[in-house]
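See structure below.
In mature numbering (1 follows the signal peptide of the UniProt record, and there is no 0), the protein residues as written are -21 to -1, 1 to 256.
Below you can see the structure in the form of structure tokens.
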């Protein structure tokens, strides 16, 4: 069933108009919120990615104890920020030491702040926030099934792979190239959102890689909603999945977000017709 669903969706994405997907915010007419905290954050934090990342499964009292501890530690070390490789290593390893305690697929940014649970989306988000704080030139890279952070300083590239606490800070030029090569599109269809999954399904051997693009922290918050929508779909919670996709589309109307929402809306409509017979 799931394989059939993914195949149908892959075909659907092929026919989504790029122009329409980029104006997808206009398709969002109603987006029910999980609670008042989410509603307040979602509608007031468009210019503050740190808050917007906290919108998914928002809590009234999010703990910032670990976050503030990390900032305090790194602020002290930032005096030696000119020692680029050393300081970037400190950012990577101190973040894991203080905040990133346990990898858990489909965990969200609030899980990271409150419990130390993270996945590639929330892990990359905290690294991007730290790199922005210390004015590094970085990019959040979205691929078909994964997100990571690429830093470029003084002509050198560094990888922040959040899911590898021991070896995820990659600075050797050869290893950096090897890492990037594993995610680069396998054909000329780069930057086309043709795959419906992110961090939720493992890539199958021989499957084409089509997405490799830099996104903003705000767009990453949209991907967090998208990822959560897939989780709820897999749990047969179609309505909740649609709610999450509506919010994902408002923040980041990428092709795969729009396509998945349109497909699930069609499924929901068909379910309602069957129920009314």
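Positions of the beta carbon are idealized from the N, C-alpha and C atoms, including for glycine.
DSSP beta-bridge partners of residue i
| i | result |
| --- | --- |
| residue 259 | Coverage of the chain is limited to positions -21 through 256, which leaves residue 259 absent and any answer about it impossible. |
| residue 82 | 97 |
| residue 135 | 132 |
| residue 162 | DSSP lists no partner for residue 162. |
| residue 149 | 138 |
Closest residue to residue i among the options (Cα-Cα distance)
| i | options | result |
| --- | --- | --- |
| residue 38 | 63, 12, 25 | 12 |
| residue 222 | 72, 149, 109, 204 | 204 |
| residue 28 | 108, 138, 164 | 108 |
| residue 245 | 217, 72, 22 | 217 |
| residue 115 | 192, 124, 215, 136 | 136 |
| residue 51 | 74, 158, 156 | 74 |
| residue 112 | 228, 49, 134 | 49 |
| residue 224 | 239, 234, 215, 214 | 239 |
| residue 15 | 26, 34, 254 | 34 |
8 angstroms contact criterion, which residue i and residue j should meet: CB distance rounded
| i | j | result |
| --- | --- | --- |
| residue 53 | residue 70 | 6 angstroms |
| residue 142 | residue 190 | 18 angstroms between Cβ atoms; not a contact. |
| residue 219 | residue 31 | Not a contact, Cβ separation roughly 19 angstroms. |
| residue 148 | residue 162 | Rounded, the Cβ-Cβ distance is 17 angstroms, inconsistent with contact. |
| residue 85 | residue 210 | 4 angstroms |
Residue i CB to nearest heavy atom of the ligand ATP below 6 angstroms
| i | result |
| --- | --- |
| residue 14 | Absence of the ligand ATP from the depicted structure is noted, as is the absence of any ligand whatsoever, leaving it without description. |
C-beta atoms of residue i and residue j nearer than 7 angstroms
| i | j | result |
| --- | --- | --- |
| residue 199 | residue 105 | no |
| residue 58 | residue 66 | no |
| residue 45 | residue 79 | no |
| residue 93 | residue 42 | yes |
| residue 126 | residue 100 | yes |
| residue 152 | residue 188 | no |
CB contact check: residue i to chain E, cutoff 7 angstroms
| i | result |
| --- | --- |
| residue 220 | Going by chain labels, chain E is absent from the structure shown, which holds only one protein chain. |
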